[in-house]
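Worksheet for the structure shown next.
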Amino acid sequence: MSEAHTPLPVATEVEQLLLRLGVPREAHTGGELTVRSPVSGEVIAQVRQTTPGEATDTIGRAHAAYKAWRNVPAPRRGELVRLLGEELRAAKRDLGRLVTLEAGKIPSEGAGEVQEMIDICDFAVGLSRQLYGLTLATERAEHRMMETWHPLGVCGVISAFNFPVAVWSWNAALALVCGDSVVWKPSEKTPLTALAVHAIAQRAIERFGDAPEGLLGLLLGQRDIGEVLVDDHRVPILSATGSTAMGRQVGPKLAARFARAILELGGNNAAIVTPSADLDLTLRGIAFAAMGTAGQRCTTLRRLFVHDSVYDQLVPKLAKVYGNVQVGDPREAGTLVGPLIDRAAFDGMQKALGESREAGATVHGGQRVEGIGTNDAYYARPALVELKSHAGPVLRETFAPILYVVRYSTLDEAIEWHNEVGAGLSSSIFTLNVREAERFMSSAGSDCGIANVNIGPSGAEIGGAFGGEKETGGGREAGSDSWKAYMRRATNTINYSTALPLAQGVTFDIGE
Ligand code: UN1
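Under our numbering, the first residue of the sequence shown is numbered 63, with each subsequent residue one higher.
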């Protein structure tokens, strides 16, 4: 192998990237939080953790910043987000590469994640001139009624390792144009990409000139630091991405203090393949949705319902693709499936596969791929699991590349199974039959927040609202009118008459 093709040791490359991205050395050396790259299993940084006291101070500064920021005209706030988008464009290559090294994504997915950040910035810039309310008909003469939207306060963001930077940007870009400040607690598994994003955002803030100090805060550490954010009454809105178990802890705490929660929790996403499906397209759609990001997207395809009449055509082909797909170091050309994030992810995968075998399933793949990086790097072949019935581990989300396949004979039955699980994030149908497609997207079809036709359930663009129902938590982020969650709505009624007519015809004559 020529030297040009030998990748640098991960730790060396990470250090160079952090330097170029503007992260000070002391932020990632000598600290208590050990960061390993899933690519090689090596320790790549020792990050200094935020103390609970520092977290409270950061929230305090963000609260003060919000009080100033809310008075800045929204289009001017949009200018900061425009600059952030420019800085992200300039840093796309390096930040994308850092996502690869810290989260294990293949380069095109690492870059794609940064593109998702750029896209939401562009969206938010336009939005900064469109934070409009309605003018409403009033029942009283010479009155006007309207609704106006106002900044809400500090927006907390708790994000997961699998989209270590994009999820912050969905929230931050909207929150900033809406007049909120932002305090972010990234996953303890991916603090380096968060430090890099903060350095990038700092450059946008410097170019902007007069943003209030403390507008963007960063808290690094474990769960206890996230809890500071959850419990602080100065944080009226919090977006939390992670497991349903995490949401069950966070949701009630926010509800108890009447804070707004945007919960983006588990997904157990399915696709239905009907008799008329274009099987070549379906095969490609399934492959990306089920194996992409090594099965570690919230939107990953985990359950596949295949009609009897096409099962024997599709599933053997799929098994072949699973057998051939290149699993390995994401830095190597041709790799489509990179590492799992850590040992716990690998163990969870093996547990689900063991349970499936016990239930009589046929399991293709799923074994550990040895010999890449150190013993602390966990690579596994993606697993295709042919089930006899829709029961067992298929009913829960296992955050790993496992695709369960079940045969069905009527669409009713497939939709029933489809909706049988706790989560309700994303879903798909592969069909050329308009009746089946419309049925799937109708009120009696998929019960998810996202329902696609002839596209897998993952890889949504930012223009639509992102999120799901049931145990997925009900939150919506990114496009459409998701911005409304980040603002306070006021209904204003103005009387420009000389009389005082009361609503509902009420009279209250004080006899003057
Ligand atoms: C997530 O997995 O937390 O739709 C987010 C997708 C991406 C976002 C996934 N745009 O797959």
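Ideal Cβ placement from N, Cα and C applies to all residues, glycine included.
None of these values were measured; they are calculated from a predicted model.
Residue burial classification, residue i (beta-carbon count within 10 angstroms, cutoff 16)
{"i": "Tyr441", "result": "buried"}
{"i": "Asn133", "result": "exposed"}
{"i": "Thr472", "result": "exposed"}
{"i": "His212", "result": "exposed"}
{"i": "Ser249", "result": "buried"}
{"i": "Val259", "result": "buried"}
{"i": "Ile556", "result": "exposed"}
{"i": "Leu380", "result": "buried"}
{"i": "Asp242", "result": "buried"}
{"i": "Val290", "result": "buried"}
{"i": "Pro100", "result": "buried"}
{"i": "Phe223", "result": "buried"}
{"i": "Asp582", "result": "Within the shown structure, residues of the chain are numbered from 63 to 574, placing residue 582 beyond reach of any answer."}
{"i": "Leu543", "result": "The question names Leu, but residue 543 is Asp in the sequence shown. Per the 10 Å Cβ criterion, exposed."}
{"i": "Glu175", "result": "buried"}
{"i": "Ser102", "result": "buried"}
{"i": "Lys382", "result": "exposed"}
{"i": "Thr91", "result": "exposed"}
{"i": "Val568", "result": "exposed"}
Beta carbon of residue i nearer than 8 Å to that of residue j
{"i": "Ile262", "j": "Leu83", "result": "yes"}
{"i": "Arg139", "j": "Trp131", "result": "yes"}
{"i": "Phe367", "j": "His480", "result": "yes"}
{"i": "Leu145", "j": "Phe270", "result": "yes"}
{"i": "Asp584", "j": "Leu79", "result": "The question about residue 584 has no answer, for the chain in this structure spans 63 to 574."}
{"i": "Leu278", "j": "Val244", "result": "yes"}
{"i": "Thr255", "j": "Pro226", "result": "yes"}
{"i": "Thr112", "j": "Gly288", "result": "no"}
{"i": "Arg443", "j": "Val389", "result": "yes"}
{"i": "Ala552", "j": "Glu209", "result": "yes"}
{"i": "Gly537", "j": "Ile220", "result": "no"}
{"i": "Glu533", "j": "Leu300", "result": "no"}
{"i": "Ser520", "j": "Thr344", "result": "no"}
{"i": "Cys183", "j": "Ala237", "result": "no"}
{"i": "Leu193", "j": "Cys240", "result": "yes"}
{"i": "Thr355", "j": "Lys167", "result": "yes"}
{"i": "Ser489", "j": "Ile524", "result": "no"}
{"i": "Gly486", "j": "Glu531", "result": "yes"}
{"i": "Ala317", "j": "Met308", "result": "no"}
Sequence-distant residues of the same chain with beta carbon closer than 6 Å to residue i, five excluded per side
{"i": "Arg296", "result": "Ile121, His125, Val216"}
{"i": "Val483", "result": "Asn330, Leu457"}
{"i": "Arg393", "result": "Pro69"}
{"i": "Ile267", "result": "Ala273"}
{"i": "Lys315", "result": "Val292"}
{"i": "Gly396", "result": "Gln388"}
{"i": "Ala439", "result": "Ser102, Gly103, Pro401"}
{"i": "Pro114", "result": "Val290"}
{"i": "His452", "result": "Val468, Trp479"}
Beta bridge counterpart(s) of residue i as assigned by DSSP
{"i": "Asn557", "result": "His205"}
{"i": "Thr578", "result": "What the structure shows of the chain is the stretch from 63 to 574, and residue 578 is not part of that stretch, so it cannot be assessed."}
{"i": "Ile572", "result": "Partner(s): none; Ile572 has no beta bridge."}
{"i": "Tyr470", "result": "His369"}
{"i": "Phe223", "result": "DSSP, once it has assigned bridges, lists no residue as partnering Phe223."}
{"i": "Ser249", "result": "None; Ser249 has no bridge partner."}
{"i": "Ser231", "result": "The partner list for Ser231 (beta bridge, DSSP) is empty, contrary to what the question assumes."}
{"i": "Leu198", "result": "Met207"}
{"i": "Thr303", "result": "Glu326"}
{"i": "Gly567", "result": "DSSP lists no partner for Gly567."}
{"i": "Gly486", "result": "Glu531"}
{"i": "Leu465", "result": "Leu446"}
{"i": "Cys217", "result": "Val244, Ile299"}
Close beta carbons around residue i, own chain, < 8 Å, minus the five adjacent residues each side
{"i": "Arg364", "result": "Gly329, Asn330, Asn331, Ala332, Ala352, Gly357, Val456, Glu459, Thr460, Ile464, Leu465, Tyr466"}
{"i": "Ala203", "result": "Ser559, Ala561, Pro563"}
{"i": "Thr118", "result": "Val290, Asp294"}
{"i": "Ile180", "result": "Gly147, Leu150, Arg151, Lys154"}
Beta-carbon contacts of residue i that lie in its chain and below 7 Å, excluding the five residues immediately before and after
{"i": "Asn495", "result": "Thr336, Ser338"}
{"i": "Ala40", "result": "Any question about residue 40 goes unanswered here, given that the chain covers just 63 to 574."}
{"i": "Ala499", "result": "Ile491, Thr493, Val515"}
{"i": "Tyr384", "result": "His426, Gly427, Pro444, Leu446"}
{"i": "Arg319", "result": "His295"}
{"i": "Leu341", "result": "Val372, Gln375, Leu376"}
{"i": "Ser305", "result": "Leu327, Gly328"}
{"i": "Arg359", "result": "Asn224, Ser520"}
*Near the ligand FAD, which residues have their beta-carbon closer than 5 Å to a heavy atom?*
The ligand FAD is not part of the structure shown, which contains the ligand UN1 as its ligands.
*Any alpha helix (DSSP H) of 4 or more consecutive residues that is wholly inside the region 496-548*: 496-503, all fully within the region 496-548.
*Every unbroken alpha helix (DSSP H) inside the region 309-379 [4 residues or more]*: 341-353
*Could you name each continuous beta strand (DSSP E) segment of 3 residues or more that falls completely within the region 262-290, going from the start of the chain to the end?*
278-280
*Could you give the uninterrupted runs of the alpha helix (DSSP H) lying entirely in the region 79-117, keeping only those of 4 residues or more?*
For the region 79-117, whole alpha helix (DSSP H) runs of length 4 or above, ordered along the chain, are 87-90.
*alpha helix (DSSP H) runs contained entirely in the region 110-159, provided each spans 4 or more residues*: 114-131
_List, from N- to C-terminal side, the beta strand (DSSP E) runs of 3 residues or more that fit wholly inside the region 389-463._
424-426, 445-448
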